[in-house]
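Peer 1: Starting off with a structure, shown below.
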Amino acid sequence: MKTALGISLAGHAVLVVLSSMSLLPAPVQLEADVVDSVDVEMISIERFVALTTPVPEPTPAPQEPDLPDLQTFSAPASNSSQSVTNQLEPPAVNPEKTRPLQPPEPLELPEITTSIPPENPAIPEQTPQFTFSSPTVPVPDPAERHVLPSADALQLPDSDRVAKDISPKPLPEVQIADEDRQLASPAIDPGAEFVLPPERETARKESSIAVVTEAIRAETPSFPGEMQPPDIKLPERATLVAPVWRPSSVEVAKAEPEKPAPDIAATIARLEEENKSADLVASAKEFSPRNGLNSSLSRLKRTINEAWNVGVLSTEAEQVTLEVQVEMVPQGLPGSITLLSSDGGSPSAVQAAFEAARRAVLQGIGQGHELPIDLYDRWRVLIITFDRKS
Amino acid sequence: MRVTRVPKFLITFLFTSVVLTAGWSTAGRAQDDPLRLEILEGVIAALPMAAPTFVAETPQSQAMANNITSVLIADLVGSGLFREIPRQAHIGRITNFDAPVQFAEWRAINAEVLITGSVSLLSGSQETNGEIVVKFRVYDIVAGINLGKGMQYRARSSDWRRVAHKIGDQVYNRVTGEDGYFDSRIVFVSEFGKKTERTKRLTIMDYDGANVQYLTSGRDIVIAPRFSPDSSEIIYTSFATGKPAVVTMNINERKPRVLWSIPDMTFSPRFSPDGGRVLISRTRGANTDIYEINLATRRATRLTTNPGIDTAPVYSPDGERIAFESDRGRSPQLYVMDLDELKPRRISFGGGSYGTPVWSPRGDYIAFTKRLDGAFHIGVMRVDGSGERLLTRSFLDEGPTWSPNGRVLVFFREERGEAGGPALYSVDLTGRNLKRLSTPGYASDPNWSRLR
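This is how it looks when you write it as structure tokens:
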């Protein structure tokens, strides 16, 4: 027993001494723990081939490729100016003589406004030093008010192109259907006692706003006949924005605000007095001024939404949530549009998002929107939240 | 004990009063608050844009004004975000760059953005590469205001395309809120000849296919070229030595140099965002691992040690992580790894196999090639693997590369059959605006530079 213990102690002592003197091989580690580093040398291809070619015979090493002369190809046809483009192409030059392109550098021009008379030189003769930095896009100050011209100022100036007469009332909207159907003008029969409501014209849906990628379209099973995958053609802007202009809004604006729809109120009272059925009372109440405001606001919301083009926004700007205050004038036009707050995005993204929202408001209701004038105090200020994240 | 009874009518009166008072005050507050609307959807449409021909301020600059305007319109319309209103429809005429814009004339044709500009030849002529000055302004027609300030570029006549691209980038930035991608270049591999004996040449061109230049003769096979961050160098895989080796080349000097003088196969190189390091794949025996080479110290560090094939590495935009492709889980999948921890984390869990990850310049997405059910797709997913979207589908789509702003992907698509050859395509991050790029021949392995 003592002998074994002694041998063990002696053996361990020898191991400790050897280990301290680094005479033992390093412990083998799992490969997963190995992160080795080696020196790297950068050499030419010829030398690399000479080093790595195992054949002892003196074979001609591949020469460094003789680079061709710099070939300059004429630009692809850019619209209709192909012939001119070819004339403008610089002659082919030798690569050694090719100087790196000196990038053009932007210069800031003084901001132009429509108030500047034409003869006012907007660009100074002495231009400052070139800078490559992009001009700083001013960040919209939440307190800054983007005051728009008044309703009168929005009208076109007098010119020969402006018609003297008021445009006729726009045709009724067509109904979206699977096929186009144009109705013939109904013949007027003066002797007829009953006039049936005219059948609505129909038209096919013009385009889709759904994002259909090539991958999705390919995976969509094709069906014979009319069930074809949707087209990814971008819709025409004009088909998306239907300007809401109703001449009757002017008449509403002239109405007396102190007498909110007296006929409707009288109808309700009469119905209640006559103890009519609850359904009739409810149907009459749907035309109350407040319900009229709700339906007008729903239309207004839909119109602004259809004019809110998020397709041109960056993915960052698209994720910005905006709270915009719109002060309305009694004619149903936006008087001023102010950015109240924003959430997310860089300053440039916020700026772009606000400009898109402003365009949506101006295009959606810039030509006037029918709102009950007797409730003007209620809709004089609108706060609109633009939020794609939701 | 005597309990005083409160008259029932008094309780009713008090209760009614409280309810009415509360309702009145609530109604009053509601009446005072402004009406709130929520717009949550919006539409996706190309922005109608009017870009009348830039004004030629000197007699010799008319042709250049036409060309610059044409390239500018091609850039903006080609992005899919803008739609040009034909000049025949214009009511207003821009004959003087400094004249006030009549917004009503442009509103009448439903233009939402107007671009005006002028071109003047300061010295010499176009033939003598004289100096030009190009000015431009951008207007928001709907709001009746300027979008940003007017600017001018001064350049040599030969750089007129770059001037047009730079103006396009400015317009793009002012409307979308992000940088453009027009003043950039693409390096790729041009392929000529039959499918079985293709000549492959390293090629560089403007993003729109103009100014094509060949960097190699075509005698040796080259694949997978990548720009350095400053776009002055190209790193690629060359078979000049008979087997794949990573080679770097300065675009101006055009002297190729082997990055690492070892007999092993090295390939799939990629510069770090700061340009100081290079990721490559190295094959020793049956094992392929990823190495990082510090270009300053000339030291190579092994980053992966798995017995499988780890390849196609790419840095994150901050240079602190890498993404790569590995078959350690049997089928090729995508992995992300912090460089300070070196613990790979798988991020692709959909069906099929994944490869060629490419990190978005903004860092939010990773583009990839996916093979599923016999078809190839270009797709994107978030860095954590969520939100996978497939953008394309074809017989063979491969090798995506991001535009400088992370909005567009360029990849190459090969047609089926003996006569088919690869071609470059671009697609928007949303899967829209798929189109083929103009190249002199077949083209593969694209890599997009940063903005110049």
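Chains as they are written, first to last, in the numbering used here: chain B, 1 to 390; chain P, 1001 to 1452.
Even for Gly, the Cβ is constructed at its ideal location relative to N, Cα and C.
In this text, all values refer to a predicted model and were calculated from it rather than measured experimentally.
#1: Give me the subset of the stretch 1044 to 1057 of chain P whose CB atoms are less than 9 Å from a CB atom of chain B, sorted by chain position.
#2: Looking at chain B, which residues of the stretch 1433 to 1449 of chain P have a Cβ within less than 7 Å of any of its Cβ atoms?
#3: Check the C-beta distance from VAL329 (chain B) over to LEU382 (chain B) and give it rounded, since I have them as a contact under 8 Å.
#4: So, is the C-beta of ALA1089 (chain P) closer than 9 Å to a C-beta in chain B?
#5: If you check the beta carbons only, do SER1157 (chain P) and SER1125 (chain P) fall under 9 Å apart?
#6: Report all residues from its chain with a CB closer than 8 Å to the CB of VAL1350 (chain P); omit the five preceding and five following residues, and keep chain order.
#7: What are the boundary residues of the alpha helix (DSSP H) that includes ALA357 (chain B)?
#8: Which residues in the same chain as ALA1051 (chain P) place their Cβ atom closer than 7 Å to its Cβ, once the five residues preceding and following it in sequence are excluded?
#9: Is the CB of GLN351 (chain B) under 9 Å away from at least one CB in chain P?
#10: Which runs of the alpha helix (DSSP H) fall wholly inside the stretch 1121 to 1187 of chain P and span at least 4 residues, in chain order?
#11: Look up LEU1114 (chain P) in the DSSP assignment and give the residues it is bridged to.
#12: Can you list the residues of chain B that GLU1112 (chain P) reaches, using a CB-CB cut of under 7 Å?
#13: Tell me the DSSP bridge mates of THR1369 (chain P)?
#14: Secondary structure at MET1064 (chain P), three-state DSSP: helix, strand or coil?
#15: Classify GLU1105 (chain P) as helix, strand or coil using the three-state DSSP reduction.
#16: Is ARG1270 (chain P) buried or exposed, if buried means 16 or more other CB atoms sit within 10 Å of its CB?
#17: Note down, in chain order, all residues in the stretch 371 to 384 of chain B with a beta-carbon under 9 Å from any beta-carbon belonging to chain P.
#18: Could you check the C-alpha separation between VAL1189 (chain P) and LYS1149 (chain P) for me, to the nearest Å?
#19: List, in order along the chain, the chain P residues whose C-beta lies closer than 7 Å to that of ASN305 (chain B)?
#20: Is THR1176 (chain P) closer than 9 Å to ALA352 (chain B) when the C-beta atoms are compared?
#21: Just verifying my parser: in three-state terms, what is the DSSP assignment at VAL1212 (chain P)?
#22: Using alpha carbons as the reference points, say which of P:THR1196, P:THR1216, P:GLU1191, P:ILE1186 lies closest to MET1205 (chain P).
#23: Determine, using beta carbons only, whether GLN331 (chain B) comes closer than 9 Å to chain P.
#24: Using a Cβ-Cβ cutoff of 9 Å, what residues of the stretch 1175 to 1195 of chain P are near chain B? List them in chain order.
#25: The ligand ATP and SER1070 (chain P): does any heavy atom of the ligand fall closer than 8 Å to the residue's C-beta?
#26: Can you pull the chain B residues whose beta carbon is under 8 Å from the beta carbon of LEU1279 (chain P), in chain order?
#27: If I measure Cβ to Cβ from GLY1180 (chain P) and keep anything under 7 Å in the same chain, skipping five residues before and after, which residues do I get?
#28: Under 8 Å by Cβ, that's how I've got ASP1397 (chain P) and PHE1411 (chain P) pegged, so tell me the actual separation to the nearest angstrom.
#29: Please state if the CB of SER1184 (chain P) and the CB of SER1449 (chain P) are separated by a distance shorter than 9 Å.
#30: Going by the DSSP bridge assignment, what does TYR1442 (chain P) pair with across the sheet?
#31: From the DSSP output, which residues share a beta bridge with ARG1321 (chain P)?
#32: Taking 9 Å as the cut-off, decide whether the C-beta atoms of ARG1282 (chain P) and THR1266 (chain P) are in contact.
#33: Grouping DSSP H, G and I as helix and E and B as strand, with all else coil, what is ALA317 (chain B)?
#34: Sorted by chain position, which residues of the same chain lie with C-beta nearer than 6 Å to ARG1328 (chain P)'s C-beta, five sequence neighbours on each side aside?
#35: Tell me whether VAL310 (chain B) sits in a helix, a strand or coil according to DSSP, three-state version.
#36: Apart from the five residues on each side of it in sequence, which residues of its chain come closer than 7 Å, Cβ to Cβ, to LYS1166 (chain P)?
Peer 2: Taking the geometry as given:
#1: ILE1044, ALA1045, ALA1046, LEU1047, PRO1048
#2: LEU1434, SER1438, PRO1440
#3: About 12 Å separates the two Cβ atoms, so there is no contact after all.
#4: no
#5: yes
#6: With the sequence shown as reference, residue 1350 (chain P) is identified as Gly, and Val is not the correct amino acid for it. The residues are LYS1370, LEU1372, GLU1388.
#7: 347 to 365
#8: THR1069, LEU1072, ILE1073, GLU1084, ILE1115
#9: yes
#10: 1160 to 1176
#11: P:ALA1050, P:TYR1139
#12: ARG359
#13: P:GLY1355, P:ILE1378
#14: helix
#15: helix
#16: buried
#17: ASP377, ARG378, TRP379, ARG380, VAL381, LEU382, ILE383, ILE384
#18: 40 Å
#19: ILE1039, GLU1041, GLY1042
#20: yes
#21: coil
#22: P:ILE1186
#23: no
#24: VAL1175, THR1176, GLY1177, GLU1178, ASP1179, ASP1183
#25: What this structure holds is no ligand at all, so the ligand ATP is not there to describe.
#26: Correct list: empty, because the minimum Cβ distance to chain B is about 13 Å.
#27: GLY1168, ASP1169, TYR1172, ASN1173, ASN1405
#28: 6 Å
#29: yes
#30: P:GLU1191
#31: P:ASP1338
#32: yes
#33: helix
#34: ASN1306, GLY1308
#35: coil
#36: TYR1153, ASP1183
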